[in-house]
Amino acid sequence: MTNNTDILELDYEFDPVLDNPDIQEKTETSKIHSKTILKSEINIIELESEKLKKIQHNLKNEFVLKRQSRAQIELRVLKERLDCDSRSIYVGNVDYQATAEELKNYFCVCGPIKRVTIASNRNSGHPKGFGYIEFDNKDSAEVALVLHQTYFRKRQIKVNSKRTNRPGMSTKILEIFREPAFRCREFPLLILYSTFNPKKK
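Under full-length UniProt numbering, the first residue of the sequence shown carries the number 1, and numbering increases by one thereafter.
If you want it as structure tokens, here you go:
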């Protein structure tokens, strides 16, 4: 019969790593060092992630402030335009040879005048036959309406309250193109809408 002790001795194989304490200690040290490096890298990634979140938050706040500032500026400009238009009148059928000074002298009886503008062609510079008069106050503008259908330089002029201009289609298209979130799929519709303008024959 074979002894059990002899069988165990025959089955045992020598492992240089497991049987060497120095190598085992180095292996454990290497594992601990690897874990330390991994934790350090994770901490760095978390710190960078926090920095990115702060940057995104600051950019978002800055964007909101800019939009609010832009809205406030546009509101102030609109109020100034409405106030100016409420003190202004439109004068039509004006003689082409008339000057702003002559028009001012004709309407000065209504009240103090701040500005007189005669519309002209951008290219040729020729007058278009109408103009605008801005008074210092609304009462003067209302008084000036009495001069409607009176004669100025032998021509019957038209005097109406000045209307506030509303943005047209071209202005809206430009505003859409300026927006950062412009969607490309809308481009063909805008081009089609802006170019198709049927006219009655």
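Ideal Cβ positions, reconstructed from N, Cα and C, are used throughout, including at glycine. All values reported here derive from a predicted model rather than from experimental measurement.
For residue i, count neighbouring Cβ atoms within 10 angstroms of its own Cβ and tell me buried if that reaches 16, exposed if not.
i: Ser88; result: buried
i: Gly131; result: buried
i: Ile45; result: exposed
i: residue 290; result: Because the chain in this structure spans residues 1 to 201, residue 290 falls outside the shown range and cannot be described.
i: Phe177; result: Per-residue confidence for Phe177 stands at a pLDDT of 47, beneath the threshold of 50, marking its modelled position as unreliable; no derived number is given.
i: Ile133; result: buried
i: Val146; result: exposed
i: Ile55; result: exposed
Sorted by chain position, which residues of the same chain lie with C-beta nearer than 7 Å to residue i's C-beta, five sequence neighbours on each side aside?
i: Lys60; result: none
i: Pro112; result: Phe135, Asp136, Ser140
i: Lys164; result: The sequence given here places Thr at residue 164; Lys does not occur at that position. Contacts found: Arg81, Leu82, Asp85.
i: Lys53; result: none
i: Leu174; result: Model confidence at Leu174 stands at a pLDDT of 47, short of 50, so the residue's coordinates are unreliable and nothing is read from them.
If you compare alpha carbons, which of the options is closest to residue i?
i: Ser161; options: Tyr90, Ala100, Gln149; result: Tyr90
i: Ala100; options: His33, Pro127, Leu65; result: Pro127
Please go through the same chain and pick out, in chain order, the residues whose beta-carbon is closer than 8 Å to the beta-carbon of residue i, but skip the five residues on each side of it.
i: Phe63; result: none
i: Val143; result: Cys110, Gly111
i: Lys138; result: Ser86, Arg87
With a threshold of 6 Å on Cβ separation, who are the neighbours of residue i within its own chain once the five nearest residues in sequence on each side are excluded?
i: Lys172; result: No answer about Lys172 holds up, because its pLDDT of 48 lies below 50 and its placement is not dependable.
i: Arg155; result: Asn93, Asp95
i: Ala98; result: Arg153
i: Thr117; result: Gly131, Tyr132
i: Arg115; result: Glu134
i: Val77; result: none
i: Leu65; result: none
Tell me which residue opens and which closes the beta strand (DSSP E) that residue i is part of.
i: Ala119; result: 113-120
i: Tyr90; result: 88-92
i: Ser124; result: Ser124 -> no beta strand (DSSP E), and no H or E assigned at all.
i: Tyr160; result: In the sequence as presented, Tyr is not what sits at residue 160; that position holds Asn. Looking at the DSSP string, the run of the beta strand (DSSP E) that includes Asn160 is 158-161.
Could you spell out the range, first to last residue, of the alpha helix (DSSP H) harbouring residue i?
i: Tyr106; result: 100-107
i: Val146; result: Unbroken run through Val146: none, as it is neither H nor E.
For chain C, check one thing: does any of its Cβ atoms lie closer than 9 Å to the Cβ of residue i?
i: Ser88; result: Structure shown: chain C not included; a single protein chain is present.
Is it true that the region 101-111 meets the region 67-82, where meeting means three or more beta-carbon pairs spaced less than 8 Å apart? Counting C-beta pairs with one atom in each stretch, the region 101-111 and the region 67-82 have fewer than three that are closer than 8 Å, which means they do not touch.
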